[in-house]
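**Student:** Protein chains in written order, with the numbering used here: chain G, 43 to 155; chain R, 21 to 134.
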């Protein structure tokens, strides 16, 4: 079974631009979550989607948004990029029932210059 | 709300020596507990998890952890480490019902010395 796939792996953007990151969950998984990892703040929850609906949202500004498609693939978008948005963005997928395990992708390393 | 505390930010240990990485949590509701490992420029890989039942949980790569409800701890142990165990280790919790949000500790960097 293929794991969680995140694209692209690396991205460099300029302040003020916007960016879209993609995540393909494990086949059959309907829950997709996003996390931001930085040296200063550690791993922080961004949001979680299930069956195309956002079920949970972390404490991030409205510049951070996401969506999920009918095939469970998910995208997250960050508008008006700031230097502080530089981070590793991790996507995790979970089975349809329960939250007994989250499978993580390798992440997208975003650098804002 | 939940919180996770990993008391040691860095743990150096010699190869073939035992190691314990400490994790304490706080939660007003029942939680599941996890340990993940992260190698440089990689995502998180699940080492082991506690859902219910036996408080001693065995995971991959020879790691094990013990859930102690009274002390709200979930310490990770390995009796003999290898150079390849050098990585960052994260303890995490998530409520048993409701949100799928995982709360992570700040991580412990394990460095195995030759």
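Cβ coordinates follow ideal geometry from the N, Cα and C atoms, glycine included.
Note down the Cα distance separating residue 73(G) from residue 111(G), rounded to an integer number of angstroms.
**Tutor:** Their Cα atoms are separated by approximately 11 Å.
**Student:** Apart from the five residues just before and just after residue 58(G), which ones in its own chain have a Cβ nearer than 8 Å to its Cβ?
**Tutor:** Excluding residues within five positions, the ones whose Cβ falls inside 8 Å are 122 and 123.
**Student:** Take residue 53(R) as the anchor and find which of 82(R), 105(R) and 25(R) has the nearest alpha-carbon.
**Tutor:** With distances taken between Cα atoms, residue 53(R) lies closest to 25(R).
**Student:** At which residues does the beta strand (DSSP E) containing residue 59(G) begin and terminate?
**Tutor:** Here residue 59(G) belongs to no beta strand (DSSP E), and DSSP marks it neither H nor E.
**Student:** Using 8 Å as the limit for Cβ to Cβ distance, is residue 122(R) near chain G?
**Tutor:** Chain G, which has a Cβ nearer than 8 Å to the Cβ of residue 122(R), makes this yes.
**Student:** In three-state DSSP terms, what is residue 136(G)?
**Tutor:** Looking at residue 136(G) - three-state DSSP - the assignment turns out to be strand.
**Student:** Helix, strand or coil for residue 123(R)? Go by DSSP, reduced to three states.
**Tutor:** Strand, per DSSP.
**Student:** Counting only Cβ-Cβ distances shorter than 7 Å, please list the residues of the stretch 48-68 of chain R near chain G, keeping chain order.
**Tutor:** Answer in chain order: 52, 62, 63, 64 and 66.
**Student:** For the beta strand (DSSP E) containing residue 97(R), list its first residue and its last residue.
**Tutor:** Looking at the DSSP string, the run of the beta strand (DSSP E) that includes residue 97(R) is 93-98.
**Student:** Does the beta carbon of residue 106(R) come closer than 8 Å to any beta carbon on chain G?
**Tutor:** No, residue 106(R) does not count as interfacial toward chain G.
**Student:** Would you report the Cα separation of residue 85(G) and residue 58(R), rounded to the nearest angstrom?
**Tutor:** Between residue 85(G) and residue 58(R), the C-alpha separation is close to 12 Å.
**Student:** Measuring straight from C-alpha to C-alpha, what distance separates residue 27(R) and residue 44(R)?
**Tutor:** So the alpha carbons of these two residues sit roughly 8 Å apart.
**Student:** Given that residue 73(R) touches chain G, what residues does it touch there, using C-beta distances under 8 Å?
**Tutor:** Correct list: empty, because the minimum Cβ distance to chain G is about 13 Å.
**Student:** Would you kindly check if the distance between the Cβ of residue 97(R) and the Cβ of residue 40(R) is under 8 Å?
**Tutor:** Their beta carbons are under 8 Å apart, which means residue 40(R) touches residue 97(R) by this criterion.
**Student:** For a contact defined as C-beta to C-beta under 8 Å, what are the partners of residue 97(G) on chain R?
**Tutor:** 119 and 120, listed in chain order.
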